[in-house]
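Residue numbers (my numbering), protein chains in the order written: chain A, 3 to 209; chain B, 3 to 209.
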C-alpha cells in the first residue's frame, strides 16, 4: 500500500446507480473519503455546510477560481459547482482514497491536470435501463428524458478515455469491483517506487 | 468481464512464496488455468506428462522453437524449458485467465511480444526474509545462497518493468490481492471495447 491516497473520479449515466455505489463504498470500507463540492446555490432543507457542500457566495467562488483553489468547476444555469483542492489534498495526504463524483467533462479535465487520477465509469447493463430508471422517477417530462438520453449518447463517446468501466447489474458485485480496482491501483508498480527502492537497497547488503 | 481470458505472468524472488500463492489461486477460484511448460528433462517420480510438464525430446523441442510454437523458452544447464503457445491459446479462448510462472527475462520477452500481458511480481516483506527462507530449506550451501541473493539483486532492477508489485507478508491477503488485480484488469477500458460499443449502439436508438 502506498502511504498517500489515490484520487478517484467516478462518472456514470443518469440511472447508473453510482450514487448508491458510492454510499456503499463509504459505509463498507474505511479508506475512502468523498470529496465535498463548493457551490453558490442555496442550501436545501437538511443540507449541512461542510458536509453536503461548502456553501459560498458568487464573489467568494470566483475568487477561488482566480486563485487556483479548485480542482475543477462548472456552471449550471446560474450556479457554480466546483471541487476545492485543499480538502482533497488534506485527505490524500492522510492516506485516504478520495472519490469525486463528477461529470465526464470535469473528469477529463482533472485527469489532464493530474494524470495519476483513476477514472471510473459506471453504467447500467443496457440503455433501456437508463431510460426506464429515468421514467420510473416520474419527475421528468418525456422531453427532458429524451434530452438526458441524448446526453448519455454524448457521454458514451468519452468512455474510452476512462481507465475502468464497471457495469452495475448487481449492487454488491459492483461495489466489490470498484473496491478491487482501487486496491489494485495501490499495487501498481508506478505507485510502488518506495517499496521497490527499499528492496533494492536491502539487497545491496547481500551483493 | 471480457469473454477472452487474460495472460498473466508471475515472477518473484526465491523464497517469495509465489508457488503457494499460485496453488491457492487455482484451488480457490475457477477462472484460472496454470500454463504447462514443455521440457526436455526426464520426468521425476510422480510427474505426469500433460499435467506437470509436457515431456519432449530435444529434437522435438528444437522443432517447436523453429516453428514458433513457444511463447518463450530458456535453456538451463543442458535442458530446455518453454511455454507451448497452443495450450495457452486454447485456455484463453475458453475464457480462462492463464498464469505463467516464469523468470524475469522470460516475463519481459512475453510482454514485448504480447503487450496485453499482465506482469505481476511477488516479493517477501524484506530481503532478510529471502535469505532466511533459502537458509531454512537447508538444501543449499552458503555459496549457492549468496549467488541466489545476488541474482535477486539483478531481478530487483527489473521490477519497474512489471505492472504490479505484491508483497507477500500474509498468504491469504496476498492471494486476494493477486485475484483483485486480475479482476480489475478485466474491467479496464482497454479490455472493454465490446461493452462500450454495445452501449454506444443501444444509445443511438434514443437519439
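Backbone N, C-alpha and C define an ideal beta-carbon position, used for all residues, glycine too.
- Residue 101/B has 10/B and 36/B as its beta-bridge partners, per DSSP.
- Annotation for residue 89/B: the continuous alpha helix (DSSP H) segment containing it runs 87–95.
- Contacts with chain A at 9 Å (Cβ-Cβ) do not include residue 105/B.
- Annotation note: the stretch 117–179 of chain A contains the following uninterrupted alpha helix (DSSP H) runs of length 4 or greater, listed N- to C-terminal: 129–139 and 144–158.
- Taking a Cβ-Cβ cut-off of 8 Å, residue 75/B has no neighbours in chain A, whose nearest Cβ is about 26 Å from it.
- Proximity to residue 35/B across 110/B, 197/B and 98/B peaks at 98/B, based on C-alpha coordinates.
- Contiguous beta strand (DSSP E) elements confined to the stretch 55–82 of chain B occur at 55–57 and 72–78, taking only those with 3 or more residues.
- In this structure, 189/A is the residue among 90/A, 93/A, 96/A and 189/A with its C-alpha nearest to the C-alpha of residue 169/B.
- Residue 40/A is positioned such that its CB atom lies closer than 9 Å to that of residue 84/A.
- Residue 106/B sits in a helix when the DSSP states are folded into three classes.
- Think of a sphere of 7 Å around the beta carbon of residue 201/B: the chain A residues whose beta carbon falls inside it are 125, 129 and 158, in chain order.
- Here residue 136/B is near residue 17/B, since their CB atoms are less than 9 Å apart.
- Within the DSSP secondary-structure output, residue 41/A pairs in a beta bridge with 57/A and 83/A.
- Annotation: residue 156/B to residue 132/B spans about 14 Å, alpha carbon to alpha carbon.
- Scanning chain A for C-beta atoms nearer than 7 Å to the C-beta of residue 189/B yields 166, 167, 168, 179 and 183, reported in chain order.
- Against residue 207/A, the close residues of chain B are 129, in the order they occur along the chain (beta-carbon pairs closer than 8 Å).
- Residue 160/A places its beta carbon 9 Å or farther from that of residue 22/A.
- When DSSP states are grouped into helix, strand and coil, residue 47/B belongs to the coil group.
- Around residue 144/A, no beta-carbon contact reaches into chain B at under 8 Å, the shortest distance being about 12 Å.
- Excluding the 5 residues flanking it on each side, residue 176/B has same chain C-beta neighbours closer than 8 Å at 19, 23, 124, 168, 169 and 170, in chain order.
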